[in-house]
Every structure is written in structure tokens, then in C-alpha cells.
Amino acid sequence: MESTTAPETDINPSLLDKALNHFQAWAIENPKTLLSRILLPIISFVEGIIGNKPVYLDAKKQALGLTFCCAGEVVLGDFKTLETALTSPQARDWRLGTSILSSSHSPGIDEGDRNVFLISLSDQAAGGENHDAFRKCIEDYFFNEEMLIRQKDDVAQKLVDTLAADYFDRISNKALDEFFTNDQLGWMGFLIRYLHYVIFGIDPNDQGKISILTKLHYTQKGTLHYFAGSSILEKFNLLGFAQIPELIEQVTTIYENSPVLTNFQESPKYNNMKRREVAKLMVSLMSIAGLQGPLHGGKTVMGFQSLPDYKGRQTS
Numbered sequence: 003m004e005s006t007t008a009p010e011t012d013i014n015p016s017l018l019d020k021a022l023n024h025f026q027a028w029a030i031e032n033p034k035t036l037l038s039r040i041l042l043p044i045i046s047f048v049e050g051i052i053g054n055k056p057v058y059l060d061a062k063k064q065a066l067g068l069t070f071c072c073a074g075e076v077v078l079g080d081f082k083t084l085e086t087a088l089t090s091p092q093a094r095d096w097r098l099g100t101s102i103l104s105s106s107h108s109p110g111i112d113e114g115d116r117n118v119f120l121i122s123l124s125d126q127a128a129g130g131e132n133h134d135a136f137r138k139c140i141e142d143y144f145f146n147e148e149m150l151i152r153q154k155d156d157v158a159q160k161l162v163d164t165l166a167a168d169y170f171d172r173i174s175n176k177a178l179d180e181f182f183t184n185d186q187l188g189w190m191g192f193l194i195r196y197l198h199y200v201i202f203g204i205d206p207n208d209q210g211k212i213s214i215l216t217k218l219h220y221t222q223k224g225t226l227h228y229f230a231g232s233s234i235l236e237k238f239n240l241l242g243f244a245q246i247p248e249l250i251e252q253v254t255t256i257y258e259n260s261p262v263l264t265n266f267q268e269s270p271k272y273n274n275m276k277r278r279e280v281a282k283l284m285v286s287l288m289s290i291a292g293l294q295g296p297l298h299g300g301k302t303v304m305g306f307q308s309l310p311d312y313k314g315r316q317t318s
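Each number in my numbering corresponds to the 1-based position in the sequence shown with 2 added.
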């Protein structure tokens, strides 16, 4: 596979860029060769981690063109091609962007049950059995009219008002660092309380539950549990990672007993999802997306960190 479009700029690709691109293109087309089986998984893992750096893929695109290879995948940058791909049935595997996910740590499989990890389940039209039904279950129980009501009620508004007062007070005193870096208060403290109240109906003043939720999602960086390589961190208890599996079970129980799931009933239209399956899936969704996207987006919007320094882009 060669790039079919010219690079966006006159940036010349390095020898390493060219070599990686050409080898991966060949290896993707010849996956059964010995060289592909040895080197492609290594490249996929290492470059998959590097590819999380925001400017990495953009720099590749500027040097190699709209279509190139990275982390063992073909990266598409042409709008029409992307539009067609994203509006077609999705056949998913164990990837999140460039990163490789841990198939043994996905919710459900980690307890020997069926996989309920939406990120890795294909649409029904693409041959999947459960994605559409499981997603429908999550939407019906969590992202509904009751959630919108909680988002606007007095409890949620008080959390927002407290956050705003704290933010402006720290701006006045030039003490924003702790507001964004201390997971017990400020921005992270708000996100844990606000999102769990709005989505699950969990009392933001229940310090026992808030403490466990914070420990998994922020303090112990539980998000990494779902990515390849996490088993090594947990096996050798690096940076306290051995605690994460038990924390996930504790948070699953909190979600399972949350007000939103009080009246949960198994149904054929949800492919008979069990209450704990729903809760375990929500742990992964909150850990990977719900509490990470807003965390980093808010840091930029509220002036704590700059936009990435994209080459040739005016982001300042």
C-alpha cells in the first residue's frame, strides 16, 4: 500500500518514517510471513503508545500524505474515505485508536463470561451478535430523559457553582495547579461527583463511594487496565497497579447498586444483559472515556494547558 495523496506540506519524511511506512504496508498485506509475525506486533505496541501523543499522527500525515501506516494499521485522512468508513457497519477489534487493548481485561471476559466491551464488539450488520443490543441497554438505562433532568437539578447546579467559585478564587490567588492536579478536589473532584450523580444518580456527598471511585479512575489510573501491557504492571505491582482488579470489582458493585439500576430487568431486546454485566461495562466506559475526555478537555479550556503544538498550525 502506497500513499495515494501528496503530503499536506513540504515536510520531508525521515528515513525512519519511510522505512516504518513501507514495512508496515508490506506486512499488513503479508501478515503470515515470519518477519511480519515477529516485527508487526512490536511496532504495533510501541508506535501505538507513541501515537497517543496528539501531534504524532498529524506530523506523519504532513510528511507522508493523507493515507499512511502507523502502529500496524492503515491510517486514513481523506474526508470522503473516512465518511464512507464511519457511516458503514463497523467491524471492531482490540484497538482504541492506535493503542492495542487487552483482550483478557475487557469487562465480562475478565470473569470468564461473555465479552460486553462495546469498543471491541462489531455492529450487527458487520457480523456482531451483541453490540447493538448492549448499546441499546446502556442508552435506555443511563442516557435518557432522567439523566437530563438530573443534569439541571439543584444538586448538579450546586456542584457546578462550587466548582466555579473554587476556580475563580484560585485564579485570583494564582494557585491553579492544585485545582487541576489534586484528585481529591478541584476539577477531578468535581468530575467524579458530577458525572456519577448525573449518569448513575450516586449521591455526591457519599464520601465512602466517592473515595473508591476516585481511587480507581484517577489515583490508581485504572484506565490503563484495559490496555495491552497492563498485566505486567499488575503482576509486579508497579506503582500500586495490583490493586486495580479489586478496585474494579468494588466500583462495579457501586454501579450495580446505583439508583439508575435499581429497577433493572433482563430483557431479550438487550440480549439478556445481566445487571452486573451492565455495571462492569459502565466501569470501562467511565474509566476510558467518561472521566478522561472531560479531564483533559477542561484543562485546556480553562487555561491550565495549551493546545498541542502542531507543526504549521496556529493553535496559540
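Glycine included, every Cβ here is placed at the ideal spot set by N, Cα and C.
Our two residues, R195 and I201, have alpha carbons roughly 10 angstroms apart in a direct line. About 13 angstroms separates the beta carbon of L263 from that of V285, a gap too long to meet the 8 angstroms contact definition. By alpha-carbon distance to G53, the top candidate from L68, P43, A73, N175 is A73. Taking a 10 Å sphere around the C-beta of N146, we find fewer than 16 other C-beta atoms and assign the residue as exposed. Exclusion of the five residues before and after I290 leaves L98, I121, T225, Y228 as the residues of its chain whose Cβ lies within less than 8 angstroms of its Cβ.
Rounded to the nearest whole angstrom, the C-alpha separation of K160 and R277 is 31 angstroms. If you draw a straight line from the Cα of A61 to the Cα of L42, it comes to about 21 angstroms. Residue environment: I234 is assigned as exposed (fewer than 16 neighbouring CB atoms within 10 Å of its CB, all protein chains considered). Per the C-alpha coordinates, the member of Q92, S101, S38 positioned closest to G231 is S101.
Within the same chain, L120, V280, L283, M284, L287 come within 8 angstroms of I140 by CB-CB distance, once the 5 residues on both sides are set aside. When rounded, the separation of the alpha-carbon atoms in F243 and M190 is 20 angstroms. Fewer than three beta-carbon pairs drawn from the stretch 201-220 and the stretch 87-97 are found closer than 8 angstroms, and the two stretches are therefore not classed as touching. When C-alpha distances from L193 are compared across I40, G292, Q26, W96, the shortest belongs to G292.
In this structure, DSSP gives R278 a helical state, which the three-state scheme calls helix.
By the neighbour-count definition (other C-beta atoms within 10 Å, threshold 16), F238 is an exposed residue.
With respect to P15, L66 sits close: the two C-beta atoms are nearer than 8 angstroms.
Here the C-alpha atom of D171 lies approximately 51 angstroms from the C-alpha atom of Q126. If you look at L78, you'll find it in the beta strand (DSSP E) that goes 75-78. For the set H133, L241, G203, the Cα lying nearest the Cα of K217 is the one of L241. Between L68 and D80, the beta carbon gap of about 5 angstroms places them in contact (Cβ cut-off 8 angstroms).
In this model, G314 and P56 are separated by some 14 angstroms (Cα to Cα). Residue pairing of L103 in beta bridges, as defined by DSSP: F229.
Sequence-distant partners of I111 (beyond 5 residues in either direction) whose C-beta falls short of 6 angstroms from its own C-beta, in its chain, are N117. Look at R97 here: in three-state DSSP terms it is strand.
The alpha-carbon of Q267 is positioned some 50 angstroms away from that of S174.
Within the DSSP secondary-structure output, F70 pairs in a beta bridge with V77. The distance from the Cβ of V157 to that of P206 is about 7 angstroms, consistent with a contact at the 8 angstroms cut-off.
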